[in-house]
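A quick write-up on the structure given underneath.
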């Protein structure tokens with residue numbers, strides 16, 4: 001489905017710097033005259049943020065099954081697309097989204113073991129014909145990423161349910177995202193996130209600016 005706007009997703013493991021990059025891209029693109037919408041998954045709507053709390057909250061008495069986890073992510077995505085992303089693209093805005101289908105396929109389909117084909121099929125159903133035009137994947141060693149998260153803002157930060165899944169799980173996620181990037185090299189661009197944030201921004205803009213000029 002073609003829209004006047006452009007849908008850009010930012011993918012990466014825990015602590016890879018997605019939020020920092022999105023803030024910098026938003027600032028740059030806004031100053032360059034683009035109308036930008038920044039959003040995230042799960043979340044982006046009132047419903048989605050409630051789902052986010054449920055999915056990420058770490059509670060001893062709360063157990064979320066694998067299929068339940070998948071369908072909660074997809075329920076949030078479906079609402080997000082219908083309420084926020086699609087209207088923004090129709091109006092010609094550049095949408096910068098923190099995570100989308102690639103995360104779901106990597107985390108739930110591959111690392112959680114639900115199966116890539118099953119998860120891809122459900123993602124396509126939830127997306128209502130709306131898919132990213134370009135994806136920036138911030139690649140980082142999971143061990144370093146988790147340490148970054150622990151030291152966020154100069155103090156240990158509380159881990160959510162996904163972060164607590166363990167190093168092996170996050171290594172599986174990274175491998176899955178790299179595999180998806182290799183398969184979708186025309187859309188997914190891998191950026192070494194171990195560099196300082198200024199370098200990551202520069203590398204991202206080298207990809208994003210020509211893309212926006214070419215497709216405007």
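In the UniProt record's numbering, the protein residues as written are 1 to 216.
Backbone N, C-alpha and C define an ideal beta-carbon position, used for all residues, glycine too.
Treat the numbers as computed from the prediction; the structure is a model and nothing was measured.
Start-to-end residues for the beta strand (DSSP E) that takes in residue i
{"i": "residue 137", "result": "134-139"}
{"i": "residue 145", "result": "Per DSSP, residue 145 belongs to no beta strand (DSSP E); it is in the alpha helix (DSSP H), 142-150."}
Start-to-end residues for the alpha helix (DSSP H) that takes in residue i
{"i": "residue 217", "result": "Nothing in the structure corresponds to residue 217, since the chain is present only between 1 and 216."}
{"i": "residue 207", "result": "197-215"}
Residue i CB to nearest heavy atom of the ligand ATP below 7 angstroms
{"i": "residue 124", "result": "This structure lacks the ligand ATP; in fact it carries no ligand of any kind."}
Neighbourhood of residue i by C-beta distance below 8 angstroms, restricted to the same chain and skipping five residues each side
{"i": "residue 218", "result": "Outside the modelled stretch of the chain, which goes from 1 to 216, sits residue 218, for which no answer is possible."}
Close Cβ partners of residue i (< 7 angstroms) along its chain, the five nearest in sequence each way excluded
{"i": "residue 100", "result": "9, 41, 132"}
{"i": "residue 149", "result": "14, 15, 157, 163"}
Proximity below 8 angstroms, CB of residue i to CB of residue j
{"i": "residue 177", "j": "residue 137", "result": "yes"}
{"i": "residue 180", "j": "residue 191", "result": "no"}
{"i": "residue 145", "j": "residue 14", "result": "yes"}
{"i": "residue 109", "j": "residue 80", "result": "no"}
{"i": "residue 32", "j": "residue 98", "result": "no"}
{"i": "residue 212", "j": "residue 28", "result": "no"}
{"i": "residue 140", "j": "residue 193", "result": "yes"}
Contacts around residue i, its chain only, beta-carbon distance under 6 angstroms, and the 5 residues preceding and following it disregarded
{"i": "residue 186", "result": "none"}
{"i": "residue 106", "result": "173, 176, 177"}
{"i": "residue 163", "result": "14"}
Neighbour flag for residue i against chain D, beta carbons, 8 angstroms
{"i": "residue 115", "result": "In the displayed structure, chain D is absent; only one protein chain is listed."}
Report task. Just list the alpha helix (DSSP H) runs in the region 22-105, keeping only unbroken ones of 4 residues or longer that don't cross its boundaries, in chain order. Result -> Within the region 22-105, the complete alpha helix (DSSP H) runs of at least 4 residues are 46-56, 66-80, 86-90, 101-104.
Query raised in the report: Contact between the region 27-37 and the region 127-139: three or more CB pairs below 8 angstroms?
Result: Flag = no, the region 27-37 and the region 127-139 do not touch.
Query raised in the report: Are there three or more Cβ pairs, one per stretch, closer than 8 angstroms when the region 77-97 is compared with the region 3-15?
Result: Touching, yes.
Query raised in the report: Looking at C-beta atoms only, is the number of pairs between the region 46-59 and the region 74-81 that lie closer than 8 angstroms three or more?
Result: Verdict: yes, contact present.
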